[in-house]
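Enquirer:
There are 2 protein chains.
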Amino acid sequence: MAGNNDRFVNQIADINADYTKWYTDVCLKSELCDYGPVKGTMVFRPYGYAIWERIQAEADKRFKAHGVQNAYFPMLIPQSFLMREAEHVEGFAPEVATVTHVGNTELGEKLVLRPTSETIIGNMYSKWIDSYRDLPLKLNQWANVVRWEKTTRPFLRTSEFLWQEGHTVFATPEAADADALEMLEVYKDIANNVLALPVLTGRKSEKEKFAGAVATYGMEAMMKDGKSLQSGTTHYLGDNFAKAFDIKFLDKDGTHKYVYQASWGISTRLIGAIIMAHGDERGLCLPPPVAPIQAVIIPIGAAKNPEVDAKSKELFAALEKAGVRVKLDERDQSPGFKFNHWELRGVPVRIELGGRDLAGGVVTACRRDTAEKFTMPIDGSTESVLKLLDEINSNMFKKAEAHTLSHIVRVDKLDEMGAALDGGNFCDAYWCGDRECEDKIKDKFAATSRVMHADQSDAEKHKCVCCGKKAKHRIYFARAY
Amino acid sequence: MAGNNDRFVNQIADINADYTKWYTDVCLKSELCDYGPVKGTMVFRPYGYAIWERIQAEADKRFKAHGVQNAYFPMLIPQSFLMREAEHVEGFAPEVATVTHVGNTELGEKLVLRPTSETIIGNMYSKWIDSYRDLPLKLNQWANVVRWEKTTRPFLRTSEFLWQEGHTVFATPEAADADALEMLEVYKDIANNVLALPVLTGRKSEKEKFAGAVATYGMEAMMKDGKSLQSGTTHYLGDNFAKAFDIKFLDKDGTHKYVYQASWGISTRLIGAIIMAHGDERGLCLPPPVAPIQAVIIPIGAAKNPEVDAKSKELFAALEKAGVRVKLDERDQSPGFKFNHWELRGVPVRIELGGRDLAGGVVTACRRDTAEKFTMPIDGSTESVLKLLDEINSNMFKKAEAHTLSHIVRVDKLDEMGAALDGGNFCDAYWCGDRECEDKIKDKFAATSRVMHADQSDAEKHKCVCCGKKAKHRIYFARAY
Chain A
1 MAGNNDRFVN QIADINADYT KWYTDVCLKS ELCDYGPVKG TMVFRPYGYA
51 IWERIQAEAD KRFKAHGVQN AYFPMLIPQS FLMREAEHVE GFAPEVATVT
101 HVGNTELGEK LVLRPTSETI IGNMYSKWID SYRDLPLKLN QWANVVRWEK
151 TTRPFLRTSE FLWQEGHTVF ATPEAADADA LEMLEVYKDI ANNVLALPVL
201 TGRKSEKEKF AGAVATYGME AMMKDGKSLQ SGTTHYLGDN FAKAFDIKFL
251 DKDGTHKYVY QASWGISTRL IGAIIMAHGD ERGLCLPPPV APIQAVIIPI
301 GAAKNPEVDA KSKELFAALE KAGVRVKLDE RDQSPGFKFN HWELRGVPVR
351 IELGGRDLAG GVVTACRRDT AEKFTMPIDG STESVLKLLD EINSNMFKKA
401 EAHTLSHIVR VDKLDEMGAA LDGGNFCDAY WCGDRECEDK IKDKFAATSR
451 VMHADQSDAE KHKCVCCGKK AKHRIYFARA Y
Chain D
1 MAGNNDRFVN QIADINADYT KWYTDVCLKS ELCDYGPVKG TMVFRPYGYA
51 IWERIQAEAD KRFKAHGVQN AYFPMLIPQS FLMREAEHVE GFAPEVATVT
101 HVGNTELGEK LVLRPTSETI IGNMYSKWID SYRDLPLKLN QWANVVRWEK
151 TTRPFLRTSE FLWQEGHTVF ATPEAADADA LEMLEVYKDI ANNVLALPVL
201 TGRKSEKEKF AGAVATYGME AMMKDGKSLQ SGTTHYLGDN FAKAFDIKFL
251 DKDGTHKYVY QASWGISTRL IGAIIMAHGD ERGLCLPPPV APIQAVIIPI
301 GAAKNPEVDA KSKELFAALE KAGVRVKLDE RDQSPGFKFN HWELRGVPVR
351 IELGGRDLAG GVVTACRRDT AEKFTMPIDG STESVLKLLD EINSNMFKKA
401 EAHTLSHIVR VDKLDEMGAA LDGGNFCDAY WCGDRECEDK IKDKFAATSR
451 VMHADQSDAE KHKCVCCGKK AKHRIYFARA Y
């Protein structure tokens, strides 16, 4: 499937000169994805989809440990459902795709392709929930959603994308809000430990919250250009959808009450985060937990050396048995070609195995994250590779964390903000809480508020970075994808 | 989530008196699914979706062993794509849902929701395939598809359903046709060993083949009412889509040639097959490999007997550790209530554990498939349960196979067909191969040709069951879902 000549296909734009083109090149040339025939759509090619499968498996395991069950709800939602929650319809109506016909017949009611499923799930919950015994109810679905976006980019913003959406129901506001916060921690765990991705987590401003939520919590990851990527959100919905869809339960005290809800989602956008937080001038750099291929073995001169051939196959079998996702590249191509090929694709560990290595009882390993090259004894090399994969994951996190921490700048004056942002930084700032200041900052600097800072203790002692009035919040402003 | 009073909810129609209502009752009351708000759509509730997750895992493992990789293609297909393959558009156009608007804006080109993805995947393959080195190419996607059906029933026929669709590409017709036949064997393996479902496999008639295929192979399973359920199909597509989408490769001989393709799919319909092939007057009966709960432990009098409570928890932990999907039902309900509850839901093994059992050093086990009740020593009960689950699976297959074999009737005269079908049988018949005879049989008996018989050796020695002319095929006719 690689196409005709990888030697040329491998060439990607300079990450420092043109980050945007670099991103697109990496997406396409490492065969993560391709453009679909309809503008704004994308195809997940096997290498990209395999990353998503790993993210799904890791997330699904954590959701189930949190007491969540999977279900599946119809993609087609009556248009009228969207109208029931005022903010919700306002937020989503402009970007929903509408089905009007089947064959040549016009439908009686227009249907929309789900942009998210609060409404249709709310409708079902009102049928299913009767009593306090039915609570809490925690369901999740893995699904495709459609949101028609004007400007699209692979993984980051496409008309259709893949995600999971959790929809949980509780008897009290406190329990629902707690669930939104707990799931934010689950997402952070996935980001940190599965994607080697440091994230800032906290509440979003009113302007940036989900249409229909009481509060939205987000996790933001810093990309290598200093822009932020919203990488997951959880919402405390209060009783907004309960009132819109009449979801009530008979409480222990014998009275009927509205339920309180939360919802939360992560999507294939996370693949974009991996690309842009870890990638470098040579292409992708994949964290071992999600790498479809964790180690590639490249025999050197196997055609002329049967021992190299035999040992390569032996090592392949041993690594596979040890649970490593390993590939033996026996193609009739030069070692240099293969090095480039797998570097572009971000394979964490490359193992070279040639006659000289064998004579010394070693193999040569090369780490994708640091480009370090070293030998290791062939005996015990399986354990060495397993250890190396762990080390790479932890090093990738540390590197990204160091980058993030060194690119957060305290900004107290509005006229410092432009330079900070242009320098690839997040702005750690105080803010009065007014929408007007957010709008002004957006107009002036193309930056938005991302999430509240974890430490709000001294916020009220400061002044708003924009209007100079008394501050209410400490918050991050950044340019964002 | 069970709703207020299971004692009444559990009542299902008599399977012998009203099979149709029995089916719907089982679907809804065992909480496998519910109706969606849009006519013809359904919701997969957690218990039903968990069965699908098990089927997915088992199928996906087999596909990957067959050299298939997963990918994901856009759901929205330009309407013009459907037009490119004449038979394909004729087959699907009447039932495709069409997206015309986003927000208030009309789209430039109408888009259809995929009823199947040969066209959009063909479009991508024409971009990706250049040379013989790119072949074979074997991709699969797990996806939702939309086919607007007039008459719908949960799992069997719904406007949206979940499935997998494999799309494979080869250099020769032989290799593509072989893939369709190999995948039919993979499906048969899943049916037999995962779903305990005997199936008849073979080629379909021209009338019953997939719109756009050269040949369709199907697997048909007999339901308890003697009707057939098409449970999976594989298609040899020849170069039909290659020509429609210009999918060519540069062969070793230096010339450009069209590729040859196959496609194959199984869907959530399989859950309907499980319900109708194994269910009985007490409700669902689930094959252990797909049962979300394989064993349920019901403590008897645990509230008054701490030893019962402790031993139940111990057994639960031991079974869980041994990999059994086990549930400990500690609800404050009578044992009789719980027995009904889990019988309706088809849990393969019920374990009762009371003071008397404990005193004798045993537990009482009850098999869902045979209703046999017996004691087994509490020491070693984990191994006994594992063995029992295997035995149940194999017994369920044997039972369904015996039912199928005893309900296939050789029919040589057209006027015998009605009685055979009314008696809940498949008709094993000879047929001239003419569409007219198929149409006549359908008009007269509401039966269709299902698949060719495995033994075609003497077909030409016989006469067509319908017109009396020389036969070409030995084939099954049956009423079908």
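Protein chains in written order, with my numbering: chain A, 1 to 481; chain D, 1 to 481. Just so you know, even glycine gets a beta-carbon here, dropped at the ideal spot from N, CA and C. Computed from a prediction, not measured in an experiment: that's the story for all the values here.
1) Counting only beta-carbon separations shorter than 9 Å, does A/P173 have a partner in chain D?
2) Residues of chain A with CB under 8 Å from D/H101, in chain order?
3) Under DSSP, the alpha helix (DSSP H) around D/A310 begins and ends at which residues?
4) Using a C-beta cutoff of 9 Å, does A/A127 count as contacting chain D?
5) Please classify D/R410 as buried or exposed, where buried requires at least 16 neighbouring CB atoms within 10 angstroms.
6) Since D/M396 is in the alpha helix (DSSP H), which residue starts that stretch and which ends it?
7) Express the C-alpha separation of D/I190 and D/S406 in angstroms, rounding to a whole number.
8) For a quick check, are the C-beta atoms of A/L435 and A/I475 less than 9 Å apart?
9) Identify the continuous alpha helix (DSSP H) that holds A/A221 and give its terminal residues.
10) By the 8 Å beta-carbon criterion, what residues does the stretch 68 to 79 of chain A contribute toward chain D?
11) Compare the Cα-Cα distances from D/P287 to each of D/D25, D/L270, D/R479 and report the closest residue.
12) Using 10 angstroms around the beta-carbon of D/P306, count the other beta-carbons present and answer buried if the total reaches 16, otherwise exposed.
13) Can you grab the Cα-Cα spacing for the pair A/G346 / A/G218, in whole Å?
14) Starting from the C-beta of D/P198, find all residues in its chain whose C-beta is less than 6 Å away, skip the five residues before and the five after it, and write them out in chain order.
15) If you compare alpha carbons, which of A/L200, A/S80, A/D329 is closest to A/K110?
16) Going by beta carbon distance, what residues of the same chain come within less than 8 Å of A/D390, once the five residues before and after it are set aside?
17) Between the alpha carbons of D/I275 and A/K313, how many angstroms are there, rounded?
18) Below 9 Å between beta carbons: does that hold for A/L484 and A/G212?
19) Under 9 Å between C-beta atoms, does D/A302 make it to chain A?
20) For A/A143, name the three-state secondary structure that DSSP assigns.
21) Taking only runs of the alpha helix (DSSP H) that begin and end inside the stretch 170 to 248 of chain D, which ones reach a length of at least 4 residues, in chain order?
22) From D/R479 to D/R157, what distance separates their C-alpha atoms?
23) Compare the C-alpha of D/V174 against each of D/L76, D/L28, D/H235, D/N104 and name the closest.
24) From the beta carbon of D/L181, is the nearest beta carbon of chain A less than 9 Å away?
25) Could you please give me the residues that DSSP links to D/Q69 through a beta bridge?
26) Taking 9 Å as the threshold (beta carbon to beta carbon), is A/G212 in contact with chain D?
27) Residues bridged to A/F161 by DSSP?
28) Residues in the stretch 33 to 46 of chain A with C-beta within 8 Å of chain D's C-beta atoms, listed in sequence order?
29) What in chain A is Cβ-close to D/E330, meaning under 9 Å?
30) Answer with yes or no whether the minimum CB distance from A/M124 to chain D is below 9 Å.
31) Please report the distance separating the alpha-carbon of A/G354 from that of D/M42.
32) Just how far apart, CA to CA, sit D/F92 and A/H453?
33) If A/Y19 and A/E31 are in contact, beta carbons under 8 Å, what's the gap, nearest whole angstrom?
34) Would you list the one or two residues that DSSP bridges to A/D428?
35) Which residues in chain A have a C-beta closer than 9 Å to the C-beta of D/A420? List them in chain order.
36) Looking at the secondary structure, which residues open and close the alpha helix (DSSP H) in which D/E87 lies?
Expert: Taking the definition as stated:
1) By 1-based counting over the first sequence, the position of residue 173 of chain A is 173. Judged by the 9 Å Cβ criterion, A/P173 is not in contact with chain D.
2) Against the second sequence, residue 101 of chain D aligns to sequence position 101. Neighbours of D/H101 on chain A, chain order: A97, T98, T100.
3) Sequence index remark: in the second sequence, residue 310 of chain D carries index 310 (1-based). Per DSSP, D/A310 belongs to the alpha helix (DSSP H) from 306 to 321.
4) Your numbering for residue 127 of chain A matches position 127 in the first sequence. In the sequence as displayed, the identity of residue 127 of chain A is Lys instead of Ala. Residue contact with chain D for A/K127: present (Cβ-Cβ distance below 9 Å to some residue of chain D).
5) Here the question's residue 410 of chain D lines up with position 410 in the second sequence. Classification for D/R410: exposed.
6) Here the question's residue 396 of chain D lines up with position 396 in the second sequence. Counting along the chain, the alpha helix (DSSP H) containing D/M396 begins and ends at 381 to 405.
7) On the second sequence, position 406 is the one that residue 406 of chain D refers to. On the second sequence, position 190 is the one that residue 190 of chain D refers to. D/S406 and D/I190: Cα-Cα distance of roughly 23 Å.
8) Here residue 435 of chain A corresponds to residue number 435 of the first sequence, with the count starting at 1. Here residue 475 of chain A corresponds to residue number 475 of the first sequence, with the count starting at 1. Looking at the sequence itself, residue 435 of chain A is Arg, so the reference to Leu does not match. No, the Cβ-Cβ distance between A/R435 and A/I475 is not below 9 Å.
9) The sequence position of residue 221 of chain A within the first sequence is 221, counting from 1. Careful: A/A221 lies outside any alpha helix (DSSP H), inside the beta strand (DSSP E) at 215 to 222.
10) Residues passing the 8 Å Cβ filter: Q69, N70, A71, Y72, F73, P74, M75, L76, I77, P78.
11) For this step, residue 287 of chain D is matched to residue 287 along the second sequence. Residue nearest to D/P287 within the set D/D25, D/L270, D/R479 is D/L270 (criterion: CA-CA distance).
12) Counting from one through the second sequence, the residue named residue 306 of chain D turns up at place 306. Result: exposed.
13) Walking along the first sequence from the start, residue 346 of chain A turns up at place 346. Walking along the first sequence from the start, residue 218 of chain A turns up at place 218. Cα to Cα, the separation comes out at about 28 Å.
14) Counting from one through the second sequence, the residue named residue 198 of chain D turns up at place 198. Taken in chain order, the residues that qualify are A400, E401, T404.
15) Working through the first sequence from its first residue, we reach residue 110 of chain A at position 110. Measuring from the Cα of A/K110, the nearest candidate turns out to be A/S80.
16) Within the first sequence, residue 390 of chain A is the residue found at index 390, counting from 1. P288, listed in sequence order.
17) Locating residue 275 of chain D in the second sequence gives position 275, counting from the first residue. Locating residue 313 of chain A in the first sequence gives position 313, counting from the first residue. Taking the straight line from one Cα to the other gives about 46 Å.
18) Since the first residue of chain A shown is 1 and the last is 481, residue 484 of chain A is not available in this structure.
19) Residue mapping note: residue 302 of chain D aligns to position 302 of the second sequence, counting from 1. Closer than 9 Å: no.
20) Start at 1 with the first residue of the first sequence, and residue 143 of chain A comes out as number 143. Here A/A143 carries a strand assignment [DSSP, helix/strand/coil].
21) 173 to 189, 240 to 245
22) If you number the second sequence from 1, residue 479 of chain D lands on position 479. If you number the second sequence from 1, residue 157 of chain D lands on position 157. About 16 Å.
23) In the second sequence, residue 174 of chain D corresponds to position 174, counting from 1. Position check: residue 174 of chain D holds Glu in this sequence, whereas Val was assumed. Selected option, being the one with the closest Cα: D/H235.
24) Position 181 of the second sequence holds residue 181 of chain D. With 9 Å as the cut-off, D/L181 does not count as an interface residue toward chain A.
25) The residue given as residue 69 of chain D occupies position 69 in the second sequence. Its beta-bridge partners are D/L139.
26) In the first sequence, counting from the first residue as 1, residue 212 of chain A sits at position 212. Not an interface residue.
27) As a working mapping, residue 161 of chain A is identified with position 161 in the first sequence. DSSP output for A/F161 lists A/V145 as bridge partner(s).
28) D34, G36, P37, V38, T41, M42, V43, F44, R45, P46
29) Counted from its first residue, the second sequence places residue 330 of chain D at position 330. What D/E330 touches in chain A: nothing, since even the nearest Cβ is about 14 Å away.
30) Taking the first sequence and counting its residues from 1, the one referred to as residue 124 of chain A is at position 124. Yes - at least one Cβ of chain D is within 9 Å of the one on A/M124.
31) Sequence index remark: in the first sequence, residue 354 of chain A carries index 354 (1-based). Sequence index remark: in the second sequence, residue 42 of chain D carries index 42 (1-based). Between A/G354 and D/M42, the C-alpha separation is close to 58 Å.
32) As a working note, residue 92 of chain D is residue 92 in the second sequence. As a working note, residue 453 of chain A is residue 453 in the first sequence. In a straight line, the C-alpha of D/F92 is about 54 Å away from that of A/H453.
33) The residue given as residue 19 of chain A occupies position 19 in the first sequence. The residue given as residue 31 of chain A occupies position 31 in the first sequence. About 20 Å; that fails the 8 Å criterion.
34) Taking the first sequence and counting its residues from 1, one reaches residue 428 of chain A at position 428. Looking at the DSSP assignment, A/D428 forms a beta bridge with A/R410, A/Y476.
35) Here residue 420 of chain D refers to the residue found at position 420 when the second sequence is read from its first residue. By Cβ distance, chain A contributes nothing, its closest Cβ being about 36 Å from D/A420, past 9 Å.
36) Numbered from its first residue, the second sequence carries residue 87 of chain D at position 87. Counting along the chain, the alpha helix (DSSP H) containing D/E87 begins and ends at 86 to 92.
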